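Chains as they are written, first to last, in our numbering: chain U, 1 to 577; chain W, 1001 to 1321.
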């Protein structure tokens, strides 16, 4: 190994570090360490003058290793790596010691915090000596995309990609495109026709030569990695079609809550208790009638069926409140003499135009009754002398009274839940699900359509209940992410990844099942395992597990980690006795 | 020495004697050894006194095969003496290599060991309950026996070692290889583990390996095993994946899990820790209670994972010591 010339830079972070840690003491102590050529402090190491100080030292003093004692590497490791690169040395010759989050922010005792900062920094110095120069590697990006699900999300994603001239395979399980939106009449809050909206999407998708629509088809296997997936799709004839794609968009949507699970609502037992989707069916046919064929006089809408309940789903299904208001409008216009009551917990009208829609609904003489979360409404059959078919018991919150309201038709606003096949789909495309079964995004706020598997995106209600505008926005966002990758033409894999030394691998296969990114592959002919670096996220699971020590994590080698550990431990000699 | 015969010594430290027997197991080859070499010290088979060794010139011995760990002052003294007199010092067998089975004593205090061996032991007559002391006064003077140390050491913790021959015991063909290499002057780089593979036992094991998911561990007698399938996959603990090969897959081929006697792979510092990683990686559950239940099927993991290498592990001993 070439002689190490290490520069140590200790940051004050304004007063963030310096108010607890005695920075000058750390600098003085580190300056005496073996291999350290220069040790300096600065007010803000991440600032331009701070970085320039490092760059100049590398150039003037011939430094070949740099240790920055500052904040978390999550914050500024890329900044300082860039500085090393600018000075002409490999960016991986940097090591950071976190003396802010791990010292000054969590300790009051200045003496102990200073000692800890010194120890962490000297451990970094010991580690950096073993750093190796690393290079990033690239793989080609296949421009075709597999879109799973032909609902409004899948259609929007496919059109965005197809219109940009890229090949799309749109795979739909059912025998028609349109998904759940295809079961709806009008949409809230502007009462536009769902059919018009969908027809345009479906026609365009079918006409676009870049979009291959595959109905009654399903994904059976997905192999490979970002930019280079191999998908096997079973089509309507039962044939397996092999597709090479660079990206996958999962738009598998949701299913409605099974209302028969809530016994007090009598769904499936009283014939005129129906779900919101059954009402949509009546509206689409043009007639709202009871099972007996009568025009209902009293219609009640019950909110949060399966949603916002500890017993069923704790989350809000987001679209049902506005859909219920839409029904109030539709019922009133279809049966002007009817009485519509709306039985709700809270009215969620957060979307664009929704609050206005709510206000107009209250003016349309709908009776709003507020019930308490813990006391859901109960439905019973009316007697022969009553002028209605059923009664709904409600513990009304605003009046504080327990009342019964008449109903001939009760519409249950069933919430959304993950599809039964969500676990299988998650397994197929290697993404995670939350405790409810919704697919998990890479970051809920900053990266809402990506997943932890590179190249696999999620859009629409498969990740959580969503309305049409949010769904379409997500689908187009996923398409934009994919188009950006296609435009680049290649995928750059991080230089930090695990690799198998095939001379040491015995093919025991302990590592095979472990990788959360399915980056470990077993070669049955060679009887050795190997890591596909483009898929590896350098989590280290296989490295730790490999009983033969044949898997090495670049930038996290045993040697580097042991040197770092030895740096924080006091030295004990072996005394024979 | 005029005939330039190889000058060799074999020593038995803290061990069972199996390594010496393994040397004899080379059968007729031992006669070739006798023809090629002067055996200057071999307490089990040849007359030779420590005094004779003390009188040798430094480096007079070409080769010492030291088997057994260092457990008492005699082991240490002779290790140092033989090191001084030998050109090549070989840690021979698991005990010298890594501490071996005696090294498991590092889980106990010296007092506990004495209690079990000399006091609280049904095979000892009650009036004879006495623990060894280094010095004992008798009528004619003071008698001295070696001091029993608090810990067991592997040989290279005491003296520099040139080569390691692993195994409990080393396989006869390995012993031949080592002796012939010394005779022929064809020695690998110092510090090498000789006569073993750089790949794990699994590499030579013919059992079929699949992705591993274990939901229950068995002792070998608790299950009728499939001889064609990886033992670990059947829930039988096998150290093969964490152990250097070269032994000829002796244990798995007879239906027993590998016991790990050839020690860790070249890049590995701690064989037991690696085995722990391997075992925890194949457990087929994410539920803590279920995992606990599965792990309860392994009665004494430390003794299993560090059967031959506790003094060579990173922790080396129980914290109580």
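Idealized CB from N, CA, C, for every residue including glycine. Remember, predicted model here, so these are calculated numbers, not experimental data.
Residues that residue i contacts on chain U, provided the C-beta gap is smaller than 9 Å
i, result
"residue 1198/W", "503, 504"
"residue 1208/W", "Within chain U, no residue comes near residue 1208/W; the closest Cβ sits about 10 Å away, beyond 9 Å."
"residue 1241/W", "506, 508, 509, 510, 546, 547, 548"
Beta-carbon separation (whole angstroms), residue i vs residue j, contact threshold 8 Å
i, j, result
"residue 543/U", "residue 498/U", "5 Å"
"residue 491/U", "residue 139/U", "5 Å"
"residue 548/U", "residue 1265/W", "5 Å"
"residue 68/U", "residue 94/U", "7 Å"
"residue 409/U", "residue 275/U", "Going by Cβ atoms, the distance from residue 409/U to residue 275/U rounds to 12 Å, so no, they are not a contact pair."
"residue 332/U", "residue 364/U", "6 Å"
"residue 33/U", "residue 42/U", "So it is not a contact: roughly 19 Å between Cβ atoms."
"residue 251/U", "residue 475/U", "6 Å"
"residue 546/U", "residue 510/U", "7 Å"
"residue 222/U", "residue 514/U", "With a Cβ gap of about 19 Å, residue 222/U and residue 514/U do not count as contacting."
"residue 568/U", "residue 120/U", "7 Å"
"residue 1263/W", "residue 1256/W", "That belief does not hold up - the Cβ atoms of residue 1263/W and residue 1256/W are roughly 18 Å apart, past 8 Å."
Beta-carbon neighbours of residue i, restricted to chain U and to distances below 7 Å
i, result
"residue 1282/W", "510"
"residue 1211/W", "509, 512, 513"
"residue 1278/W", "510, 545, 547"
Chain-order list of residues whose beta-carbon lies under 6 Å from that of residue i (same chain, five-residue window excluded)
i, result
"residue 1038/W", "1005, 1007"
"residue 103/U", "21, 113, 116, 117"
"residue 1001/W", "Low confidence applies to residue 1001/W: its pLDDT is 42, below 50, so where it sits in the model is not reliable enough to give any reading."
"residue 169/U", "146, 212, 243"
"residue 70/U", "11, 45"
"residue 25/U", "114"
"residue 216/U", "175, 236"
"residue 1235/W", "1214, 1216, 1217, 1218"
Residues near residue i by beta carbon distance below 8 Å, same chain, minus five either side
i, result
"residue 588/U", "This structure cannot settle anything about residue 588/U, because the visible part of chain U is limited to 1 through 577."
"residue 1307/W", "1101, 1104, 1239, 1259, 1260, 1261"
"residue 1013/W", "1066, 1067, 1068, 1069, 1070, 1071, 1075, 1078, 1079, 1095, 1096, 1155"
"residue 202/U", "155, 177, 178"
"residue 480/U", "160"
"residue 136/U", "492, 493, 494, 495"
"residue 1106/W", "1099, 1151, 1152, 1310, 1311, 1316, 1317, 1318, 1321"
"residue 362/U", "368"
"residue 4/U", "35, 64, 65, 128, 129"
Cβ-based burial, residue i [other Cβ within 10 Å; buried from 16]
i, result
"residue 1158/W", "buried"
"residue 1314/W", "exposed"
"residue 1212/W", "buried"
"residue 1131/W", "exposed"
"residue 1245/W", "buried"
"residue 1217/W", "buried"
"residue 1160/W", "exposed"
"residue 157/U", "buried"
"residue 74/U", "exposed"
"residue 1123/W", "exposed"
"residue 550/U", "buried"
"residue 1292/W", "exposed"
"residue 580/U", "Look at the range of chain U in this structure, 1 to 577, and you will see that residue 580/U is not part of it."
"residue 194/U", "buried"
"residue 564/U", "buried"
"residue 269/U", "exposed"
"residue 371/U", "buried"
"residue 1209/W", "buried"
"residue 1233/W", "buried"
Per-residue contacts from residue i into chain W (C-beta, under 8 Å)
i, result
"residue 549/U", "1264, 1265, 1266, 1267, 1268, 1274"
Per-residue contacts from residue i into chain W (C-beta, under 9 Å)
i, result
"residue 558/U", "1267, 1268, 1269"
Same chain, Cβ closer than 7 Å to residue i, five either side skipped, listed in chain order
i, result
"residue 507/U", "527, 528, 529"
"residue 1199/W", "1245"
"residue 1147/W", "1072, 1073, 1134"
"residue 1046/W", "1039"
For the region 1177 to 1202 of chain W, which residues have a beta carbon sitting closer than 8 Å to at least one beta carbon of chain U?
Taking 8 Å as the Cβ-Cβ cut-off against chain U, the residues of the region 1177 to 1202 of chain W that qualify are 1198, 1199, 1200, 1201, 1202.
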